[in-house]
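Read the structure below first, then the notes.
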Amino acid sequence: MKATGIVRRIDDLGRVVIPKEIRRTLRLREGTPLEIFTDREGEIILKKYSPMVELTAFASQYAEAMAQSTGLMVCITDRDQVISVAGGPKKDVIGKPISKQLEAAVGERETVLAGREEKAFFSMTADEMEGITAMAMAPIICEGDAIGSVALLSRDAKGKLGDPEMKLVTTAAGFLGRQMES
């Protein structure tokens, strides 16, 4: 744990204000759910809550099945990071923060089908993913909230993704969203 040097008092309603600099750095916005942990030393730990964490094992199996059937790389994300990867380098991608463009697309509930040369194309992670030539991405919607995304990524130089891949990611995103609701 890293000390920030910032001290805050609890108000009469039991609230503590998280400083703007920390909220900006951790991408905490109004309404962001936080999970509260305590330990034996009396520390309170606030952690961004991701409902997708509950589905990580299931999402990983789903991604593996999609990657095997399509031969493409599959990424499943929550609103902050990549939670599952199949058909590509897992350790290079899993747990990485998602890109601002992906965050915006998920927030706007946009589906994306684009090749590298197209304006709509963007990297899934904040760091550029090398060798990706095309993508099909759909947001995961659960109870009206966009909670993540499913993407198929091609590394084929001539590879162009089309309507079948878009339908596949849309179906996968819909399925994962319904799994979260049940």
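Numbering-wise (the working numbering), the sequence shown opens with residue -8 and increments by one.
Here a beta-carbon is modelled for each residue, glycine too, at the ideal position from N, C-alpha and C.
Excluding sequence positions up to five away, which residues of its chain have a Cβ less than 6 angstroms from the Cβ of residue i?
i: Ile35; result: Thr29
i: Val97; result: Pro130, Ala137, Ser140
i: Gly150; result: Thr124, Ala125
i: Met57; result: Val65
Tell me the rounded alpha-carbon separation between residue i and residue j.
i: Asp118; j: Ser90; result: 8 angstroms
i: Val7; j: Ile138; result: 26 angstroms
i: Cys66; j: Ala77; result: 7 angstroms
i: Asp147; j: Arg0; result: 56 angstroms
i: Gly135; j: Arg100; result: 10 angstroms
i: Arg107; j: Ser114; result: 9 angstroms
i: Pro155; j: Ala48; result: 26 angstroms
i: Arg169; j: Gly(-4); result: 43 angstroms
i: Gln59; j: Glu32; result: 47 angstroms
i: Phe17; j: Tyr53; result: Per the sequence presented here, residue 17 reads as Leu, with Phe not at that position. Looking at the two C-alpha atoms, the distance is approximately 29 angstroms.
i: Val103; j: Glu55; result: 21 angstroms
i: Val(-2); j: Leu4; result: 18 angstroms
i: Gln92; j: Thr68; result: 13 angstroms
i: Thr23; j: Glu109; result: 32 angstroms
i: Lys(-7); j: Asp2; result: 24 angstroms
i: Arg122; j: Gly165; result: One detail in the question is off: residue 122 reads as Gly in this sequence, not Arg. Rounded to the nearest angstrom, the two C-alpha atoms are 28 angstroms apart.
i: Met120; j: Glu21; result: 30 angstroms
Given residue i, which residues of its chain have a CB within under 7 angstroms of its CB, disregarding the five upstream and five downstream residues?
i: Gln72; result: Gly86, Lys87, Pro88, Ile89
i: Leu63; result: Gly78, Leu143, Leu144, Ser145
i: Ile9; result: Leu19
So residue i and residue j are supposed to be a Cβ contact under 8 angstroms. How far apart are they, rounded?
i: Glu26; j: Lys38; result: 5 angstroms
i: Ala50; j: Ser75; result: 4 angstroms
i: Arg70; j: Ser41; result: 7 angstroms
i: Leu46; j: Leu167; result: 7 angstroms
i: Ala163; j: Val141; result: 5 angstroms
i: Glu94; j: Cys133; result: Incorrect: roughly 17 angstroms between the Cβ atoms, too far for contact.
i: Thr116; j: Val84; result: 6 angstroms
With a threshold of 7 angstroms between beta-carbons, can residue i be considered close to chain C, or not?
i: Thr29; result: This model lacks chain C altogether, as it is built from one protein chain only.
Could you pull out every residue in the same chain whose Cβ sits closer than 8 angstroms to the Cβ of residue i, ignoring the five residues on either side in sequence?
i: Lys81; result: none
i: Gly153; result: Leu104
Quick check for students: name the residue ranges of the alpha helix (DSSP H) that lie wholly in the region 69 to 155, counting only runs of 4 or more.
81 to 84, 91 to 98
Quick test of the definition: if touching needs 3 or more C-beta pairs under 8 angstroms, does the region 152 to 160 touch the region 118 to 127?
yes
3-residue-minimum beta strand (DSSP E) runs that sit fully inside the region 3 to 47, ordered along the chain:
25 to 29, 35 to 39
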